[in-house]
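Before any comments, here is the structure.
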Amino acid sequence: MTQDWGASYARAKRRFPNLRDRDMARVRDDRNQFEAYLAERHHLTVNEAREELEDFLFTEGLNREARQSLGK
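Using our numbering, read the sequence shown as starting at 100 and increasing by one per residue.
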């Protein structure tokens, strides 16, 4: 997610609306910390947050592959 942070963060914020810009510098580079933060902000268990993040990252990967195959 950190490869193109700006675009990824905008999409993450749509999926996880309780993310706060001011917290991102603290949690964005540490997966475990980000999962715990996501759980706290969205009233999830850490396992639920991990699953939600996995789903999001999978979708991000599919989108990236589609863009690459289309030459964008």
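Glycine included, each C-beta is placed from N, C-alpha and C at the ideal position.
Residue from the options whose Cα sits closest to the Cα of residue i
i: R113; options: G170, R130, H141; result: H141
i: R127; options: E147, N146, L152; result: L152
i: S107; options: G170, S168, E150, L161; result: L161
i: A109; options: G170, R166, E159; result: E159
Distance, residue j Cα to residue i Cα
i: P116; j: E164; result: 25 Å
i: N146; j: L118; result: 18 Å
i: W104; j: T144; result: 25 Å
i: D120; j: F157; result: 23 Å
i: D154; j: G170; result: 24 Å
Cutoff 6 Å; reference residue i; Cβ partners in own chain excluding five residues on either side
i: A148; result: E134, L137, A138
Buried versus exposed call for residue i [16 or more other C-beta atoms within 10 Å across all chains shown]
i: A124; result: exposed
i: A111; result: buried
Residues near residue i in its chain [Cβ-Cβ closer than 7 Å; skip 5 each side]
i: D122; result: Y136
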